[in-house]
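The letter at position 73 of the sequence shown is residue 73 when you use my numbering, and the numbering goes up by one with no holes.
Okay, structure first, notes after.
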Amino acid sequence: RERTDIDLFDWVKKAEQLGAGEILFTSMDHDGTKGGFALEALQKVDELVSIPVIASGGAGKEEHFSDLFQQTEISAALAASVFHFQTIEIPELKHKLAQENIPGRTVRYGNRFRKRRWISSRNYPRCGYNGCAHAWVYE
């Protein structure tokens, strides 16, 4: 990790101005901690741009996903190790979020559209299991 003089919030605005279609926000201070997403920073980034923001870094338990979608307007969440090592079981997380009325959205897979909540590297033939993360997508 290398420090720069670039302000995070200035950078996301600049990225949008340059044509970015979405922001993948990985909090390096939260990544790998399993202590939850960087909710305050994520919400501020989301308020600064009009493009989707994807949260990454910090997921450690089911409640972290619930907190993210109930306390922010973030478009999607990404997690990897909690699913690879089965710290969080996918069916249980799906069930919990469905019970909390956290809706999914239509996601494009190749040339087809399907109602999906869970995006996994297994859904993408060009993406190896260890080379891609998993994401839970919401409107």
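Ideal placement from N, C-alpha and C gives every residue a C-beta, glycine not left out.
Query, Result
"Residue of G36, E16, Q71 minimising C-alpha distance to S56", "G36"
"Length of the line joining the Cα atoms of L24 and L93", "22 Å"
"From V45, T33, G21, A80, residue whose alpha carbon lies closest to that of D7", "V45"
"Whole runs of the alpha helix (DSSP H) within the region 13 to 51, excluding any shorter than 4 residues", "39 to 48"
"Span separating the alpha-carbon of Q71 from that of L97", "14 Å"
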